[in-house]
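Same order as they appear, the protein sequences are chains V and H. Okay, so the first sequence: first residue is 757 according to the working numbering, each after it adds one. Okay, so the second sequence: first residue is 887 according to the working numbering, each after it adds one. Okay, structure first, notes after.
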Amino acid sequence: EPEVTQTPSHQVTQMGQEVILRCVPISNHLYFYWYRQILGQKVEFLVSFYNNEISEKSEIFDDQFSVERPDGSNFTLKIRSTKLEDSAMYFCAQARGGWSYEQYFGPGTRLTVT
Amino acid sequence: GENVEQHPSTLSVQEGDSAVIKCTYSDSASNYFPWYKQELGKRPQLIIDIRSNVGEKKDQRIAVTLNKTAKHFSLHITETQPEDSAVYFCAASRAAGGTSYGKLTFGQGTILTVHP
């Protein structure tokens, strides 16, 4: 299984602060995703990113969220002004696309908003 | 949009027994159905998947079946072992490619406990 990496593993922040979560892409994987999992709940889709732009987003992904590849390498999720309810595990996932459908998840970043 | 329902929410079996988890989906355009296993505090790990052009797929002790007409698919684990204990999630998507970007819609998860 391809290895997806994310940093940091755990982030603690105060309400209203900005956080940036990072994901290192796998070569030849063209589709990137961010998912969220609130403790004890199911995994929820946030946004997909293809060809350096957002391809699809959920209703959760409001104006306080953004994604980009600032240096053409790492893939980031930014939350501008965190709220208590943003506390969750955030997973990056990647897929090669084409005939390869599999999505592989990173180890996640546990975000705790206090 | 797609909606995935998963049952049961918890499943308790004895070691060596079989376990079956069922999911239904709503979007007839979905064509890719993966199953993920998630251990406590870990990432969802892809264990098996099936595409809509196949009715059944098997990999050692796990198998998945798909009924496109009824829009449901199931995970079967035979000869369960304590290390199979985890949360299992089904998901559905229109696979990435062309005009589809492959977002996964997950079921609510099944907590499987295998007693030694």
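Quick reminder that beta carbons are idealized off the backbone N, C-alpha and C, glycines included.
Discussion item. Our contact map puts V760 of chain V next to G828 of chain V with C-beta atoms below 8 angstroms; I'd like the distance itself, whole angstroms only.
Written reply: With a Cβ gap of about 18 angstroms, V760 of chain V and G828 of chain V do not count as contacting.
Item to complete: Could you tell me the distance, in whole angstroms, from the CA atom of S960 of chain H to the CA atom of D945 of chain H?
Response: 14 angstroms
Item to complete: For my contact list, I936 of chain H and V950 of chain H are in at a C-beta cut-off of 8 angstroms; report their separation, rounded to the angstrom.
Response: 5 angstroms
Discussion item. The beta strand (DSSP E) that contains S856 of chain V, what's its start and end?
Written reply: 856-861
Fill in: Test item: CB-CB of F801 of chain V and S814 of chain V under 8 angstroms
yes
Worksheet item: Identify the residues that DSSP records as bridge partners of V906 of chain H: which are they?
Response: H:H962
Worksheet item: Looking at F847 of chain V and the ligand ATP, is the gap between the Cβ and the nearest heavy atom below 7 angstroms?
Response: You won't find the ligand ATP in this model; it holds no ligand whatsoever.
Fill in: Through-space distance from G864 of chain V to G927 of chain H, alpha-carbon basis
9 angstroms
Practice prompt. Check the Cβ of A981 of chain H against every Cβ in chain V and list those closer than 7 angstroms, keeping chain order.
Written response: Y857
Worksheet entry | Range covered by the beta strand (DSSP E) that runs through A945 of chain H | Note on residue identity: the sequence assigns Asp, not Ala, to residue 945 of chain H. From DSSP, the beta strand (DSSP E) with D945 of chain H extends over 942-945.
Fill in: Close Cβ partners of K989 of chain H (< 7 angstroms) along its chain, the five nearest in sequence each way excluded
S979
Practice prompt. At 3 residues or longer, and completely inside the stretch 792-845 of chain V: list those beta strand (DSSP E) runs for me, N to C.
Written response: 800-806, 809-813, 821-824, 831-835
Practice prompt. State the CB to CB distance for the pair L777 of chain V and T832 of chain V, rounded to an integer number of angstroms; the pair is presumed to be in contact (CB under 8 angstroms).
Written response: 7 angstroms
Worksheet entry | Secondary structure of P968 of chain H, DSSP reduced to three states | helix
Worksheet entry | Within 8 angstroms, strictly: CB atoms of Y922 of chain H and P930 of chain H | yes
Practice prompt. Helix, strand or coil for S979 of chain H, going by three-state DSSP, please let me know.
Written response: strand
Practice prompt. Could you tell me which of H:E969, H:C976, H:S971 sits nearest to L952 of chain H, measuring between CA atoms?
Written response: H:C976
Item to complete: Mark Q859 of chain V as exposed unless 16 or more other C-beta atoms lie within 10 angstroms of its C-beta, in which case mark it buried.
Response: buried
Worksheet item: Between P920 of chain H and the rest of its own chain, which residues show a CB-CB distance below 6 angstroms, the 5 nearest in sequence each way excluded?
Response: L932, D935, A977
Worksheet item: R836 of chain V: which of V:F821, V:S811, V:R852, V:Y857 sits nearest, CA to CA?
Response: V:F821
Item to complete: Compare the Cα-Cα distances from N939 of chain H to each of H:V1000, H:I997, H:A981 and report the closest residue.
Response: H:A981
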